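Going by numbering that gives the first Met the number 0, the letters in the sequence shown line up with residues 0 to 130, in that order.
To start, the structure itself, in structure tokens.
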Amino acid sequence: MMILTINKEKHKENLIMKKIIMTILLLCTVLVITGCEKIYSAEEFKKNKELRSEWAFKCMTGESSKNCETVQEAINEIEIENRKKRMEEFKKKLEDDRKKAKEEYQKQLEEYNKKKEEREKTQQKKEPHNE
């Protein structure tokens, strides 16, 4: 009877040990799989729109990893670059419009001065006739 009791205790210990080992192996496997995932740089995300879209979607669905941080950083950098580009285009258009307006103003001013001179000449010619 005592041998049977000892065997049962050893069997229970073995089962517990197997469960512990299986749990540790499972945890290690998960860590290895998640740890072996390729980590992309912000430059890689900026250059590859498909990769950026894929990871942005993964991160929106609840995944959190270094790639999620990096893809968000890349998206922010792209937005900043696009804003700067649009701002430069806007400034250039504004400067072009300013130059055109200045040229138009100069042209109108010249026409006005020319007509004014013509009126003055016409009046000068009329004045001696009136005397």
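Glycine included, every Cβ here is placed at the ideal spot set by N, Cα and C.
This one's a predicted model, so the numbers in the text were calculated from it and none came from an experiment.
If you draw a 10 Å sphere on the C-beta of A100, you find fewer than 16 other C-beta atoms in it, and that means exposed.
For A41, the closest C-alpha among the options T28, K106, E62 and Q71 is that of Q71.
Secondary structure within the stretch 34–117: the alpha helix (DSSP H) runs of 4 or more consecutive residues, fully enclosed, are 41–46 and 48–59 (chain order). In the pairwise beta carbon analysis, the stretch 66–80 is classified as touching the stretch 36–53: at least three pairs are separated by under 8 Å. At a Cβ-Cβ threshold of 8 Å, I77 and K46 do not count as neighbours.
Here S64 is near E36, since their CB atoms are less than 8 Å apart. In this structure N66 is in contact with I38, their Cβ atoms being roughly 6 Å apart against a cut-off of 8 Å. Rounded to whole angstroms, the separation of the alpha carbons of E103 and D95 is 12 Å.
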